[in-house]
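Those protein sequences? They're chains C and Y, same order as listed. With the UniProt record's numbering applied, the first sequence covers 1 to 279. With the UniProt record's numbering applied, the second sequence covers 1 to 289. From the three backbone atoms N, C-alpha and C, an ideal C-beta is built for every residue, glycine too. A short write-up of the structure that comes next.
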Amino acid sequence: MFRRITFVFLCLCTAVFSLQPVWAGSSDLSAFDGLSGRLTIAGGTAHIPVMKQAARQIMSHNPDIAITVAGGGSGVGVQKVGAGLVDIGNTGRALSEKERDKFGLKSYAFAVDGVGLAVHPDNPVNNLSKDQVKGIFAGGIGSWKQVGGADRQINLYTRDEASGTRSVFRKKALDKGPVAVEANVIQSNGAMKVAISRDPDAIGYLSIGHMDDSVSGVAIDGVSPTRENAKDGSYPVVRKLYMNTKGEPGKLARAFIDYLQGPRGAHIVSENGFIPAGQ
Amino acid sequence: MTGKDRLIFFFAWSCALVTTIVVCGLLGFIAWQGGAVLGPALFFGDAPAWAAISGQIPVWDGIWPACAGTLVLVLLAAALALPFGLGCGLYLAVLAKGRKKAFCSLCINQLAGTPSIVMGLFGFAMILFLRRTFLPGANTCLLLAGVCLAVLILPYIVRATQNAVEAIPLTQRLIGPSLGLTLWQNMVHCILPQASRGILGGVILAVGRAAEDTAVILLTGVVANAGLPRGVLGPFEALPFTIYYLAAEYRSQSELQTGFGACLVLLILSASLFVAARWIQRKIENTWY
Numbered sequence: 001m002f003r004r005i006t007f008v009f010l011c012l013c014t015a016v017f018s019l020q021p022v023w024a025g026s027s028d029l030s031a032f033d034g035l036s037g038r039l040t041i042a043g044g045t046a047h048i049p050v051m052k053q054a055a056r057q058i059m060s061h062n063p064d065i066a067i068t069v070a071g072g073g074s075g076v077g078v079q080k081v082g083a084g085l086v087d088i089g090n091t092g093r094a095l096s097e098k099e100r101d102k103f104g105l106k107s108y109a110f111a112v113d114g115v116g117l118a119v120h121p122d123n124p125v126n127n128l129s130k131d132q133v134k135g136i137f138a139g140g141i142g143s144w145k146q147v148g149g150a151d152r153q154i155n156l157y158t159r160d161e162a163s164g165t166r167s168v169f170r171k172k173a174l175d176k177g178p179v180a181v182e183a184n185v186i187q188s189n190g191a192m193k194v195a196i197s198r199d200p201d202a203i204g205y206l207s208i209g210h211m212d213d214s215v216s217g218v219a220i221d222g223v224s225p226t227r228e229n230a231k232d233g234s235y236p237v238v239r240k241l242y243m244n245t246k247g248e249p250g251k252l253a254r255a256f257i258d259y260l261q262g263p264r265g266a267h268i269v270s271e272n273g274f275i276p277a278g279q
Numbered sequence: 001m002t003g004k005d006r007l008i009f010f011f012a013w014s015c016a017l018v019t020t021i022v023v024c025g026l027l028g029f030i031a032w033q034g035g036a037v038l039g040p041a042l043f044f045g046d047a048p049a050w051a052a053i054s055g056q057i058p059v060w061d062g063i064w065p066a067c068a069g070t071l072v073l074v075l076l077a078a079a080l081a082l083p084f085g086l087g088c089g090l091y092l093a094v095l096a097k098g099r100k101k102a103f104c105s106l107c108i109n110q111l112a113g114t115p116s117i118v119m120g121l122f123g124f125a126m127i128l129f130l131r132r133t134f135l136p137g138a139n140t141c142l143l144l145a146g147v148c149l150a151v152l153i154l155p156y157i158v159r160a161t162q163n164a165v166e167a168i169p170l171t172q173r174l175i176g177p178s179l180g181l182t183l184w185q186n187m188v189h190c191i192l193p194q195a196s197r198g199i200l201g202g203v204i205l206a207v208g209r210a211a212e213d214t215a216v217i218l219l220t221g222v223v224a225n226a227g228l229p230r231g232v233l234g235p236f237e238a239l240p241f242t243i244y245y246l247a248a249e250y251r252s253q254s255e256l257q258t259g260f261g262a263c264l265v266l267l268i269l270s271a272s273l274f275v276a277a278r279w280i281q282r283k284i285e286n287t288w289y
C-alpha cells in the first residue's frame with residue numbers, strides 16, 4: 001500500500017516536472033512586469049485575431065497596459081505607422097523599398113500564412129500542375145473534364161484587387177499571370193470558403209488557416225496545401241505576416257514583438273491557423 | 001380601367017409587394033440566424049454581466065463595448081450635424097434666392113454624393129495635417145470619427161429640413177410675418193413646428209446612416225478592442241466594424257453566428273432609435289399644437 005502511494009507520488013512529480021516547460025513559458029509575460037501605458041496596433045485584418053489574443057493575455061497579466069488593435073488592411077497599416085499614429089502597423093506582405101525608405105520602417109515577421117487552392121469536397125480533382133492552374137485562372141481551361149474531373153464548367157472565384165491573399169497567389173502560383181474577367185470576385189477568406197463549399201464546380205484560393213472540411217484542398221504539382229508543407233518550405237505559395245515599427249520600437253512595442261516572436265506567441269499564432277515564423 | 005391603367009396598377013402593386021417581400025425576407029433571415037445566439041454570452045462573452053456593463057472588467061468575446069461605442073458615436077455625430085443641417089436647410093428654404101441658392105444646393109448635392117470612404121480619408125488626412133502643424137499629439141479618435149460621420153449625414157438633414165419647410169403652403173409660412181412676428185419668432189413658433197415631422201424623418205434617416213457606416217470609422221478611430229468608450233479623444237469599438245471584421249475573417253461557424261447576432265443587435269438599435277424619434281415627434285406635436 002505504502003509502495004503504491006510512493007509510486008503514485010513519484011508519477012505525479014514526473015508529470016509536474018514534465019509540465020514545467022509549459023509553466024516556464026509563462027515567464028514570457030514577465031517581460032511586461034513594471035511596464036505601463038498604451039500600445040496601439042493597426043493594419044491587416046488577418047492579423048487581428050492573433051493580436052487580440054496576445055493583447056488579452058498581456059492585459060490580463062498587467063492591467064496597467066492598454067493595447068488597442070485596429071484593422072484597415074496592409075496599406076493603412078503602413079500609412080498609420082509611418083505617420084506615427086500607431087506604434088505597430090501590420091502588413092500581410094513585405095514592405096516595398098519605397099515604403100521602407102520613406103517612413104524609416106523596421107519589419108518583424110511573426111507568422112507564415114499559406115494560400116491554398118480549394119474545390120468543393122465532392123470534386124474528385126485533388127492535384128493540378130502549375131500550368132493547369134494558370135490555364136484555369138486565365139480562362140483557357142473551362143471544363144473540369146480537361147483536368148480529370150466531370151464534364152462540367154469550371155466556376156472561378158478570385159479575391160478583390162486590394163487583397164494580400166490575391167497578390168501572393170498571383171505572384172507565386174500564377175507567376176503574375178492573368179485572372180479571367182469572368183471570375184467571381186469574393187471579399188474575404190470566410191466568404192471564399194462559403195462560396196466554394198456551396199458550389200460543386202467551384203475553384204478558388206484562400207488562406208490555409210481558414211481551410212477546413214467544408215472545402216477540399218488541391219495540390220499543386222503534387223504538393224498539398226497543408227500547414228506541414230508550408231512549414232517545411234515544400235509548398236511554395238506562402239506569405240509572411242509582419243509587424244512594422246517606425247524606427248526602433250519603444251519599450252512596450254519591443255516587449256510585444258518579442259512576446260509574439262517567442263514561444264507563447266508561436267502558440268497563439270498556431271492556434272489561429274498560421275505557422276510561427278521562427279519555425 | 002383601360003388596358004394601360006390596369007398595367008400601371010399591376011406594375012405598381014407588384015413592385016410594392018416585391019419590396020415588402022425582400023425586406024421581410026432579409027429581416028427574417030437575420031432574425032433567424034442572429035436570434036439563435038441572442039443572449040448574455042453574445043454581449044459579454046464569459047465576463048459577468050454587471051461588471052461588464054459598468055466597465056469594471058474588460059469584455060473580450062462580446063459585442064457590448066461595440067454597442068456602447070456605436071450609440072455614443074451616433075449621438076455625437078447627430079448632435080454635431082443637427083445645428084448645421086437645420087440652419088442650412090432653413091437658409092435654403094426661406095432665405096436663399098437665385099444664384100446663391102443654386103450654388104449652395106450644388107454643394108449639398110456634391111456632399112451627398114461623396115462616397116463614405118472619401119470622408120474617412122478626409123478625416124485621416126486632417127489628422128495627419130494637424131499632427132504636422134499645430135497639434136503634434138493629435139490621433140484618430142471618437143471625436144474625429146464623429147465629425148466625419150456628421151459631415152456624411154449633413155446632407156440628409158439639410159435636404160429633410162429644406163423639403164419639410166418648402167412643403168408648408170406659402171400662405172401658412174406668411175401668416176407669422178403678416179401678424180408682425182419677427183424672423184426668429186416666425187421660425188421658432190410657426191415654421192419649425194410645422195416642419196418638425198419631416199425634419200425628424202430626415203434625422204432618423206441620417207442616424208440610421210451614421211449607425212451603419214463602416215468606411216468612415218475604419219480610418220478615423222474604430223478598433224477591434226477598446227472596451228467602453230472612455231472619452232471623445234480615445235479609440236472606440238463599433239458594431240458595423242465588428243460585423244465587417246467577423247464577416248471577413250470568421251474561422252468558425254460560431255464566429256459567423258456572432259456576426260449575425262451583431263447584425264440583429266444593430267437592427268434593433270436602429271429600430272429603437274426610430275421608435276424614440278417617433279416618441280419625441282409625438283411629444284413635440286402635443287406641446288406645440
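Counting only Cβ-Cβ distances shorter than 9 Å, please list the residues of the segment 239-256 of chain Y near chain B, keeping chain order.
Among the protein chains in the structure shown, which are C and Y, there is no chain B.
Just checking my contact of Val218 of chain C with Asn126 of chain C at CB under 8 Å: how many whole Å lie between their CB atoms?
Yes, Val218 of chain C and Asn126 of chain C are in contact; Cβ-Cβ is about 6 Å, under 8 Å.
Taking C-alpha atoms, which residue in Y:Leu179, Y:Tyr244, Y:Ser196 and Y:Asn139 lies nearest to Ala167 of chain Y?
Ranking the options by Cα distance to Ala167 of chain Y, first place goes to Y:Ser196.
If Ala47 of chain Y sits next to Ile57 of chain Y, beta carbons under 8 Å apart, how far is it from one beta carbon to the other, in whole angstroms?
Yes, they are in contact, since the Cβ atoms of Ala47 of chain Y and Ile57 of chain Y sit about 6 Å apart, within 8 Å.
Out of curiosity, what's the CA-to-CA distance linking Val151 of chain Y and Gly113 of chain Y?
Taking the straight line joining both Cα atoms gives about 12 Å.
At a CB distance below 8 Å, what residues from the segment 186-210 of chain C approach chain Y? Give them in sequence order.
Against chain Y - using a Cβ distance shorter than 8 Å - the residues of the segment 186-210 of chain C are Gln187, Ser188, Asn189, Gly190, Ala191, Gly209 and His210.
Which class does Gln281 of chain Y belong to by DSSP, given the choice of helix, strand or coil?
Gln281 of chain Y: helix per DSSP, three-state reduction.
Is Phe29 of chain Y helix, strand or coil by DSSP?
Helix, per DSSP.
How big is the Cα-Cα spacing for Ile203 of chain C and Ala31 of chain C?
So the alpha carbons of these two residues sit roughly 46 Å apart.
Rounded to a whole number of angstroms, what is the C-alpha to C-alpha distance between Leu80 of chain Y and Leu38 of chain Y?
If you take the alpha carbons of Leu80 of chain Y and Leu38 of chain Y, they lie about 33 Å apart.
Any contact of the segment 68-79 of chain C with the segment 256-270 of chain C, i.e. 3+ C-beta pairs under 8 Å?
Cβ pair count under 8 Å is below three, so no.
Name the chain Y residues whose beta carbon is nearer than 8 Å to that of Val269 of chain C?
Near Val269 of chain C there are no residues of chain Y at all, since even the closest Cβ is about 14 Å away, more than 8 Å.
Just to confirm before moving on: does the CB-CB distance between Leu246 of chain Y and Glu255 of chain Y stay below 8 Å?
In contact: Leu246 of chain Y and Glu255 of chain Y (Cβ atoms closer than 8 Å).
Closer than 8 Å, Cβ to any Cβ of chain C: which residues of the segment 125-153 of chain Y, in chain order?
For the segment 125-153 of chain Y, which is checked against every Cβ of chain C, the residues closer than 8 Å are Ile127, Leu128, Arg131, Asn139 and Thr140.
Within 8 Å of any Cβ in chain Y, is that where the Cβ of Lys98 of chain C sits?
Cβ-Cβ to chain Y under 8 Å: no for Lys98 of chain C.
Could you give the C-beta distance for Leu269 of chain Y and Phe241 of chain Y, rounded to a whole number, given that I count them as a contact under 8 Å?
So it is not a contact: roughly 14 Å between Cβ atoms.
Any Cβ of chain C within less than 8 Å of the Cβ of Pro48 of chain Y?
Answer no: the Cβ-Cβ gap between Pro48 of chain Y and chain C never drops below 8 Å.
To the nearest angstrom, how far is it from the Cα of Thr20 of chain Y to the Cα of Gly45 of chain Y?
Computed Cα separation, rounded: 35 Å.
Do Gln33 of chain Y and Gln257 of chain Y have their CB atoms nearer than 8 Å?
Yes; because the gap between Cβ atoms is below 8 Å, this pair is in contact.
Just tell me which of Y:Cys141, Y:Leu130, Y:Gly180 and Y:Pro155 has its CA closest to the CA of Cys107 of chain Y.
Measuring from the Cα of Cys107 of chain Y, the nearest candidate turns out to be Y:Pro155.
Go ahead and label Arg38 of chain C buried or exposed: buried means 16 or more other beta carbons lie within 10 angstroms of its beta carbon, across all protein chains shown.
Arg38 of chain C is exposed by the Cβ-count criterion.
Residues in its own chain within less than 7 Å of Ser224 of chain C by CB, not counting five upstream and five downstream?
Counting only Cβ-Cβ distances below 7 Å, and skipping sequence neighbours, we find Gly217.
Could you pull the start and end residues of the beta strand (DSSP E) that Thr91 of chain C belongs to?
Segment Ile88 to Thr91, the beta strand (DSSP E) holding Thr91 of chain C.
For Asp212 of chain C, which option in C:Val194, C:Ile141 and C:Asp199 has the closest C-alpha, if you only look at C-alpha atoms?
Among C:Val194, C:Ile141 and C:Asp199, the Cα nearest to that of Asp212 of chain C is on C:Val194.
Can you grab the Cα-Cα spacing for the pair Gly55 of chain Y / Pro229 of chain Y, in whole Å?
The alpha-carbon atoms of Gly55 of chain Y and Pro229 of chain Y are separated by roughly 9 Å.
Looking at the strands, I want to know which residues DSSP matches up with Leu156 of chain C.
Leu156 of chain C pairs with C:Ile203.
Express the C-alpha separation of Gln53 of chain C and Cys24 of chain Y in angstroms, rounding to a whole number.
Roughly 38 Å separates the two Cα atoms.
Which chain C residues are close to Val223 of chain Y, counting only those with a beta carbon under 7 Å from its beta carbon?
Simply Thr68, Val69 and Ala70.
So, helix, strand or coil for Val69 of chain C, using DSSP?
In the structure shown, Val69 of chain C sits in a strand (DSSP, three-state: E or B).
Among all the DSSP beta bridges, which residues are the ones paired with Ala118 of chain C?
DSSP output for Ala118 of chain C lists C:Gly204 and C:Gly217 as bridge partner(s).
Please list, in chain order, all residues of the same chain as Gly202 of chain Y whose beta carbon is under 7 Å from its beta carbon, the five residues on each side excluded.
Excluding residues within five positions, the ones whose Cβ falls inside 7 Å are Tyr156, Ile157, Arg159, Ala160 and Thr161.
What are the residues of the segment 57-69 of chain Y that lie near chain C, defined by any Cβ-Cβ distance shorter than 8 Å?
Going along the segment 57-69 of chain Y in chain order, one finds Pro58 and Trp60 with a Cβ nearer than 8 Å to chain C.
Do you know whose CA, among C:Val76, C:Gly75, C:Pro49 and C:Ile141, lies nearest Glu249 of chain Y's CA?
Measuring from the Cα of Glu249 of chain Y, the nearest candidate turns out to be C:Pro49.
So, helix, strand or coil for Ala111 of chain C, using DSSP?
Residue state, collapsed to three classes: strand.
For a test of the three-state rule: what should DSSP assign to Asn272 of chain C, helix, strand or coil?
DSSP places Asn272 of chain C in coil when its eight states are reduced to three.
If you follow the alpha helix (DSSP H) that Thr161 of chain Y is in, where does it begin and where does it stop?
Per DSSP, Thr161 of chain Y belongs to the alpha helix (DSSP H) from Leu142 to Glu166.
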